[in-house]
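Q:
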Amino acid sequence: MQIHETAFIISTYRSYHEDISKDTYAKLWNNARTEALIPGILNNISKEESILHSIRNRFFYERMKSFFEKNNGGTLINFGAGFSMYQFLLDDTVSTIEIDKKDIIDYKKQKVHLWTKEGKLPKRNIHYTSLDFNLDSEKEMIISLKKLIAEKPTFILLEGVLFFLNRKITNKLFRVFKQLQNPGDIVGSVSYLPEIEKTEVYKRLLNYFDSNNDTNDTFSHQTIPNSYYNQVEGYTLKEQADEYNLSKMYAPEFDIKNKDQILNEHLYLLERN
Ligand SMILES: C[S@@+](CC[C@H](N)C(=O)[O-])C[C@H]1O[C@@H](n2cnc3c(N)ncnc32)[C@H](O)[C@@H]1O
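Take any residue in the sequence shown, count from 1 to its spot, add 35: that is its number in our numbering.
1. Under 8 Å, do Thr164 and Leu183 count as touching if we go by C-beta distance?
2. I'd like to know whether the C-beta atoms of Ser85 and His39 end up nearer to each other than 8 Å.
3. How many Å lie between Asn206 and Leu200 at the Cα?
4. Please say whether Leu302 and Arg49 have beta carbons closer to each other than 8 Å?
5. With a CB to CB cut of under 8 Å and the five nearest residues on each side skipped, what residues in its chain are close to Asn79?
6. Could you give the distance in angstroms between the alpha-carbon of Glu175 and the alpha-carbon of Lys181?
7. Which ranges would you report for the beta strand (DSSP E) in the segment 89 to 125 if only whole runs of at least 3 residues count?
8. Measuring CA to CA, which of Phe190, Tyr279, Lys105 is closest to Phe95?
9. So Ser246 is in the alpha helix (DSSP H); what residue range does that whole segment cover?
10. Let me know the alpha helix (DSSP H) ranges lying completely inside the segment 261 to 286, each 4 residues or longer, listed in chain order.
11. With distances taken from CA atoms, which of Val222, Asn280, Gln296, Val211 is nearest Lys233?
12. Quick one: measure Cβ to Cβ for Gly223 and Arg307, integer angstroms, because I've assumed they're closer than 8 Å.
13. In this structure, does DSSP put Val196 in helix, strand or coil?
14. Buried or exposed: where does Lys143 fall if 16 or more other Cβ atoms within 10 Å of its Cβ makes it buried?
15. The beta strand (DSSP E) that contains Ile161, what's its start and end?
16. So, using beta-carbon positions, are Gly109 and Pro229 closer together than 8 Å?
17. Below 8 Å between beta carbons: does that hold for Phe198 and Gln257?
18. So which of Asn160, Lys137, Ile44 has the shortest CA-CA distance to Lys62?
19. Using three-state DSSP, classify Gly154 as helix, strand or coil.
20. Does ligand 3 have even one heavy atom less than 7 Å from the beta-carbon of Asn169?
21. Taking the C-alpha atoms as reference points, what is the distance between Ser46 and Ala116?
22. If the criterion is Cβ atoms closer than 8 Å, does the pair Asp58 and Leu124 meet it?
23. Tell me whether Glu311 sits in a helix, a strand or coil according to DSSP, three-state version.
24. Counting only the same chain and skipping the five closest in sequence on each side, list residues whose C-beta sits under 8 Å from that of Lys158.
25. Going by DSSP, which residues form a beta bridge with Val222?
26. Starting from the Cα of Asn217, find the closest Cα among Glu186, Asn66, Ala67 and give me that residue.
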């Protein structure tokens, strides 16, 4: 399992529950190799994974939609964007900066260009930039991103990424965000609480990654307490949600009963002071 494969898996999950995720473009990324992996994940880790990722998409989609409507546009800066497709669901007054590792960015840019030409995607103003959060310096990231921000305000999204990074790199990213944003701008972030580490479902997740690590693609298994988000310099925690509670609103028909038996991610919105 390589980290970029997780991006394909998540977009496929979103395509399985379009009514929940609201992502009508995710299915463009579907491919046989990824679809062959999914039954093994749902059976061996948790069958709710596709629903939970669709709920996560829905939450950020709604929050970004209202943020950009209120501001008549702006820029979405998507850190570790993978194959997420928010830019096509949001109004065309929104510009997007897509950031990921080079292989993902090159592939996504080429496909989006093709699908836009073919009329499968609406035209949007999108900049692509490849960065490696582990390797690139704070200064390099700020310089390369600042010049791409044409429209203000900004909504920074860090979705499905922190699990793969360590705390030092996480702190670095939040310092970069602080340099890029102005008062009133928003960061959306996702992470697991440390409490999840003792659950069987989380142990199955780690075991799955370990036993399918065919490339020695190294990554951390980061969890983050709520208190971290109350102490981020330059930011105030505005909203916090978790997928279990959101399931009652967005996916009541799935009747998810026990939050200790699912990979319940926590979602945060922070506002720049
Ligand atoms: C699980 S995917 C999530 C993708 C997307 N945010 C979503 O929610 O659909 C994790 C993404 O983070 C990116 N990523 C992980 N580590 C990274 C790093 N050190 N630098 C840049 N991107 C990284 C991966 O390439 C991948 O696209």
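All C-beta atoms, glycine included, are put in the ideal place defined by N, C-alpha and C. All values reported here derive from a predicted model rather than from experimental measurement.
A: Quick answer:
1. Position 129 of the sequence shown holds residue 164. Position 148 of the sequence shown holds residue 183. In this structure, Thr164 lies near Leu183, with their beta-carbon atoms less than 8 Å apart.
2. Numbered from its first residue, the sequence shown carries residue 85 at position 50. Numbered from its first residue, the sequence shown carries residue 39 at position 4. Contact flag unset, no.
3. The residue labelled residue 206 in the question sits at position 171 within the sequence shown. The residue labelled residue 200 in the question sits at position 165 within the sequence shown. Rounded to the nearest angstrom, the gap between the Cα atoms of Asn206 and Leu200 is 10 Å.
4. Your numbering for residue 49 matches position 14 in the sequence shown. Your numbering for residue 302 matches position 267 in the sequence shown. No; because the gap between Cβ atoms is not below 8 Å, this pair is not in contact.
5. For the purposes of this step, residue 79 is identified with residue 44 of the sequence shown, where counting begins at 1. Arg239, Tyr243, listed in sequence order.
6. Translated into positions along the sequence shown, residue 175 becomes position 140. Translated into positions along the sequence shown, residue 181 becomes position 146. Looking at the backbone, the Cα of Glu175 and that of Lys181 are separated by about 10 Å.
7. Entirely contained in the segment 89 to 125, the beta strand (DSSP E) runs reaching 3 residues are, in chain order, 109 to 114.
8. Within the sequence shown, residue 95 is the residue found at index 60, counting from 1. Per the Cα distances, Phe190.
9. On the sequence shown, position 211 is the one that residue 246 refers to. According to the DSSP assignment, Ser246 belongs to the alpha helix (DSSP H) that extends over 235 to 246.
10. Correct list: 261 to 265, 278 to 285.
11. Within the sequence shown, residue 233 is the residue found at index 198, counting from 1. For Lys233, the nearest C-alpha among the options comes from Gln296.
12. Position 188 of the sequence shown, counting from 1, holds the residue named residue 223. Position 272 of the sequence shown, counting from 1, holds the residue named residue 307. Approximately 12 Å separates the beta-carbon atoms of Gly223 and Arg307; this is outside 8 Å, ruling out the contact.
13. To locate residue 196, count along the sequence shown from 1; it is residue 161. Val196 carries a coil assignment under DSSP once its states are collapsed to helix, strand and coil.
14. By 1-based counting over the sequence shown, the position of residue 143 is 108. Burial call: buried.
15. Counted from its first residue, the sequence shown places residue 161 at position 126. Counting along the chain, the unbroken beta strand (DSSP E) around Ile161 starts and ends at 160 to 165.
16. Numbered from 1 along the sequence shown, position 74 holds the residue referred to as residue 109. Numbered from 1 along the sequence shown, position 194 holds the residue referred to as residue 229. No, the Cβ-Cβ distance between Gly109 and Pro229 is not below 8 Å.
17. As a working note, residue 198 is residue 163 in the sequence shown. As a working note, residue 257 is residue 222 in the sequence shown. In this structure, Gln257 lies closer than 8 Å to Phe198 by Cβ.
18. In the sequence shown, counting from the first residue as 1, residue 62 sits at position 27. Among Asn160, Lys137, Ile44, the Cα nearest to that of Lys62 is on Ile44.
19. The residue labelled residue 154 in the question sits at position 119 within the sequence shown. The answer is coil: DSSP assigns Gly154 none of H, G, I, E or B.
20. Questions concerning ligand 3 fall outside what the structure shown contains, since the ligands it does hold are ligand 1.
21. The residue given as residue 46 occupies position 11 in the sequence shown. The residue given as residue 116 occupies position 81 in the sequence shown. Approximately 11 Å, taken between the alpha carbons.
22. Residue numbering aside, residue 58 sits at position 23 when the sequence shown is read from its first letter. Residue numbering aside, residue 124 sits at position 89 when the sequence shown is read from its first letter. In this structure, Asp58 places its C-beta atom within 8 Å of the C-beta atom of Leu124.
23. Outside the shown range of the chain, which is 36 to 308, sits residue 311, and nothing can be said about it.
24. Translated into positions along the sequence shown, residue 158 becomes position 123. Result list for Lys158: Asp127, Thr151, in chain order.
25. On the sequence shown, residue 222 is found 187 positions in, with the first residue counted as 1. Beta-bridge annotation (DSSP): Val222 is paired with Ile191, Leu305.
26. On the sequence shown, position 182 is the one that residue 217 refers to. If we check each option's Cα against that of Asn217, Glu186 comes out closest.
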